[in-house]
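**Q**
Number of protein chains: 2
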Amino acid sequence: MSALETISENRAFGGTQGVYSHRSSATGTDMKFAVYVPPHDTDATLPVLWYLSGLTCTHANVMEKGEYRAACAEHGIIFVAPDTSPRGDGVPDDEAYDLGQGAGFYIDAERKPWSTHYRMETYVARELPELLAKHFPLDMKRQGITGHSMGGHGALTLALRRPGNYKSVSAFAPIVAPSKVPWGQKAFLNYLGTNEEIWHNHDAYSMIFIGRGVPELLIDVGDADQFLDEQLKPEILKGVCLEAGIDLKLRIQPGYDHSYYFISTFMAEHIAWHAERLKA
Amino acid sequence: MSALETISENRAFGGTQGVYSHRSSATGTDMKFAVYVPPHDTDATLPVLWYLSGLTCTHANVMEKGEYRAACAEHGIIFVAPDTSPRGDGVPDDEAYDLGQGAGFYIDAERKPWSTHYRMETYVARELPELLAKHFPLDMKRQGITGHSMGGHGALTLALRRPGNYKSVSAFAPIVAPSKVPWGQKAFLNYLGTNEEIWHNHDAYSMIFIGRGVPELLIDVGDADQFLDEQLKPEILKGVCLEAGIDLKLRIQPGYDHSYYFISTFMAEHIAWHAERLKA
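Taken in sequence, the protein lines are chains V and G. Residue numbers are given in this note's numbering: position 2 of the first sequence equals residue 2, and the series is strictly consecutive. Residue numbers are given in this note's numbering: position 178 of the second sequence equals residue 458, and the series is strictly consecutive.
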């Protein structure tokens, strides 16, 4: 099935900001997502930048606060924001903000009750691209990926697990070593179980350590980010990236916190960086 | 009293996006507002752009969706977004979205029960500027004003009522003739009473018609705006502006609606336009 329901479409920066819904076979639920298509020539296909959101977010947060449309219009990039988990009455949840709905961590859960619906890796990396290719002028050979916090973890790990699939990878304040921090440990224990060997296949730091790689990474994080030391730890990527020959551009931005005020400030630079690589 | 309570401050585009609260003597309530201060030299004072929001909004809508910070940082402009009405348990309200809280129309109400708290003109044009001058590096000789919909009405009328106070005036999809349209008639009837002579003192079209003026106006509105024909009617300004010698730049933007997707698309152009005049 590739039926797509249009929830809204608004003209913005010469293009169209849309919100759509469809029935996902990966998650077994209805899923919403946002797509911005910039102005473009008829018959043109455009590179796409995937943006994966953080804990508690939906497709809407970055759409409203991310300030990406001006840069996407300038560079001719399609911008897609999926949801962060399956949702709905029949979908398992947890009272905590960092588990269950809003906290899918971009992995396919292996443990009950999560494993039925929480198949966000399959959804984001396979099902949604195939669906979008049928409905939007996407050039699927030119995909980039980025994300924030939990979504930064998603961007890094999906790219590391699919060599060549994404031509460019960046992140805003990502969780880089989920196996070592409370957010990741809680999610992985629930979704994947106690076998830490499995965890390492979804942990950017561990994957780079054992030799998986991408050519280069752009990461921004604020030094006033309230989660920097306990949950994010981007500095630990420096050693393994050096060892693995990954060109890591890690920028510690003075005074910035974990919010969309931080993300929106550096969004245009990330889009320009992706555009340079996607259009090379 | 000039006490200011800081609700939040976030680093953004090299400056600070703040939200503050204070006790207003004009409205007799606590009032919130948002201020963006761009990066600037110590001891510098900066021009300020007032942004008045539309029906149902608070200070937060434009702060989250308006995409003004990049341009304000580039041009060195302070951006202030007040609330749209007094609020609180003791403040009169109405079930309709277009009367009462969230719908102050930037006038001082003359009729009960509104007249006690609904004194938004005094608040926005006098009390808040005086308060801000004490707490932020504002050059009060260089004020510009803009707004959206009801707030576009506010920008036009406050500027027309205070010749010379604002050096630049623009609007997004403004109500230009409230006396002639349902939103304005309902508000004026409730807040000002049945004497239409008084209405004309708060109606941009009427004021320009009787000879009040500003040197120039920049107005953008989308041709897919759902309120264009019934509530906004910007085209009727053309004749009176020509007659009054006001340089009206009215741009009908194809495909755009009444939303913040429209506003954010043209925000940077408005800020550049104000900056040119405020820094001349």
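Idealized CB from N, CA, C, for every residue including glycine. All of these numbers come straight from a predicted model, not from anything done at the bench.
Do three or more CB pairs link the segment 459–467 of chain G to the segment 390–397 of chain G at distances below 8 Å?
**A** Below 8 Å, too few C-beta pairs join the segment 459–467 of chain G and the segment 390–397 of chain G to call them touching: fewer than three.
**Q** With T58/V and D83/V assumed to form a contact (beta carbons below 8 Å), what rounded beta-carbon distance in angstroms separates them?
**A** 5 Å
**Q** Going by C-alpha distance, which of D369/G, D500/G, T322/G and A383/G is nearest I551/G?
**A** D500/G
**Q** Would you verify that the beta carbon of M1/V is, or is not, closer than 8 Å to some beta carbon of chain G?
**A** With a pLDDT of only 45 at M1/V, under the threshold of 50, the placement of this residue in the model should not be trusted, and no figure is reported.
**Q** What residue from S486/G, D537/G and S448/G has the CA that sits closest to Y331/G's CA?
**A** S448/G
**Q** Do the CB positions of P86/V and T27/V come within less than 8 Å of each other?
**A** yes
**Q** Strictly below 7 Å CB to CB, what residues from chain G border S259/V?
**A** N290, listed in chain order.
**Q** If you reduce the DSSP assignment to three classes, tell me which class P47/V lands in.
**A** strand
**Q** Any idea if S288/G is buried or exposed, counting beta-carbon neighbours within 10 angstroms, 16 or more meaning buried?
**A** If you draw a 10 Å sphere on the C-beta of S288/G, you find fewer than 16 other C-beta atoms in it, and that means exposed.
**Q** Is there a Cβ from chain V that is less than 8 Å from the Cβ of A314/G?
**A** no
**Q** Please name the residue, chosen from Y118/V, R126/V and D89/V, that lies closest to G104/V on a Cα-to-Cα basis.
**A** Y118/V
**Q** Do three or more CB pairs link the segment 530–544 of chain G to the segment 500–513 of chain G at distances below 8 Å?
**A** The segment 500–513 of chain G and the segment 530–544 of chain G touch, with three or more beta-carbon pairs separated by less than 8 Å.
**Q** Below 8 Å on the Cβ atoms is my guess for L218/V versus C241/V; work out the distance and round it to an integer in Å.
**A** That pair is no contact at about 12 Å.
**Q** With a threshold of 8 Å between beta carbons, is S544/G in contact with chain V?
**A** yes
**Q** Quick one: residues in its chain with C-beta nearer than 8 Å to the C-beta of V404/G, no 5 flanking neighbours on either side, listed in chain order?
**A** W330, L332, P362, Y386, G434 and L438
**Q** To the nearest angstrom, report how far apart A3/V and L131/V are at their CA atoms.
**A** 9 Å
**Q** Could you tell me whether the Cβ of K447/G comes closer than 8 Å to any Cβ of chain V?
**A** No, because no Cβ of chain V sits closer than 8 Å to the Cβ of K447/G.
**Q** Leaving out five residues on either side along the sequence, give the residues of the same chain with a beta carbon under 6 Å from the beta carbon of N290/G.
**A** Q297
**Q** Where do the N-terminal and C-terminal ends of the beta strand (DSSP E) with K249/V fall, by residue?
**A** Run containing K249/V: D247 to Q253, per the beta strand (DSSP E) assignment.
**Q** Please name the residue in L418/G, Y471/G, Q511/G and E515/G whose C-alpha comes closest to that of P327/G.
**A** Answer by Cα proximity: L418/G.
**Q** Since A504/G meets chain V, which of its residues come closer than 8 Å, beta carbon to beta carbon?
**A** R11
**Q** Just mark K65/V as buried or exposed, buried being the case when its beta carbon has 16 or more other beta carbons within 10 Å.
**A** Label assigned to K65/V: buried.
**Q** List, in order along the chain, the chain V residues whose C-beta lies closer than 7 Å to that of L535/G?
**A** One detail in the question is off: residue 535/G reads as Gly in this sequence, not Leu. Those are R11, listed as they occur along chain V.
**Q** Which residue comes first and which comes last in the beta strand (DSSP E) that contains N10/V?
**A** E5 to A12
**Q** Specify the secondary structure class of I198/V as computed by DSSP and reduced to three states.
**A** helix
**Q** For S459/G and K233/V, what's the separation of their Cα atoms in angstroms?
**A** 59 Å
**Q** For the beta strand (DSSP E) containing Y300/G, name the first residue and the last one.
**A** G295 to R303
**Q** Could you list which residues in chain V have their beta carbon closer than 7 Å to that of E549/G, in chain order?
**A** Those within 7 Å of E549/G in chain V number zero; the least Cβ separation is about 11 Å.
**Q** Could you name the residues of chain G that E64/V contacts, counting a contact when the two beta carbons are closer than 7 Å?
**A** E344 and K345
**Q** Which term fits G525/G, buried or exposed, when burial requires 16 or more other beta carbons within 10 angstroms of its beta carbon?
**A** exposed
**Q** Exposed or buried, M420/G, counting other C-beta atoms within 10 Å across all chains shown (16 or more means buried)?
**A** exposed
**Q** Could you give the residue range of the alpha helix (DSSP H) that holds A383/G?
**A** Premise fails: A383/G is in no alpha helix (DSSP H) and is neither H nor E.
**Q** Taking the beta carbon of N584/G as the centre, do at least 16 other beta carbons fall within 10 Å, making it buried, or is it exposed?
**A** Look at the range of chain G in this structure, 281 to 560, and you will see that residue 584/G is not part of it.
**Q** Go ahead and pull the three-state DSSP assignment for E390/G.
**A** coil
**Q** Let's test the definition: count the other Cβ atoms within 10 Å of the Cβ of G222/V and tell me whether it reaches 16, buried, or not, exposed.
**A** buried
**Q** Could you pull out every residue in the same chain whose Cβ sits closer than 6 Å to the Cβ of H274/V, ignoring the five residues on either side in sequence?
**A** L49, G144 and S168
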